[in-house]
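Working notes, structure below.
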Amino acid sequence: MDKVDKYGEIIQKVIQEYAGDRYTRKDVDRELIFDTKNHHYQIVHVGWEGDRRVYGCVLHFDIKGGFVVIAIENPLRFSVVPDMKGEPSGSYITLFL
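All residue numbers for the sequence shown refer to this note's numbering, where the first residue is 88 and numbers rise by one.
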């Protein structure tokens, strides 16, 4: 298995584990998006809070040039970097949106 495939598997596991966490927004869904061909992985929130439309990407992973790029909406809500278990710290870049 090459490095990109390995990273893709790790990312999918991280996203699935996070998505399994308790989620309390009644009319807002948490959707998982896995584009394994182009190496883009996301969690988006979609729905309604009263009369306000909710849509947004809260966690986004890309694999580019042999690196994992992690874009996080709210870094206090996520601890995904430690979940890149066994990967050298230079193998990923974290962006805070």
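C-beta atoms are modelled at their ideal positions from N, C-alpha and C, and glycine is treated no differently. Small disclaimer: the values here were computed from a predicted structure and weren't measured.
Quick check on residue i: does DSSP put it in helix, strand or coil?
i	result
E118	strand
D149	strand
E136	strand
Y94	helix
Under the DSSP definition of a beta bridge, which residues are partnered with residue i?
i	result
H126	None, per the DSSP bridge assignment.
V141	G134
By Cβ distance below 7 Å, which residues in the same chain neighbour residue i in space, the five residues on each side in sequence not counted?
i	result
F121	Q99 and Y128
I150	V91, Y94, G95 and H126
Skipping 5 residues on each side, what residues in its chain have a beta carbon closer than 8 Å to that of residue i?
i	result
G143	V131, H132 and E160
Q103	L119
A106	R117, L119 and I130
If you check the beta carbons only, do residue i and residue j fall under 8 Å apart?
i	j	result
G152	V141	no
Margin query: Count Cβ pairs between the region 90-99 and the region 110-117 that sit closer than 8 Å; are there 3 or more?
Written below: no
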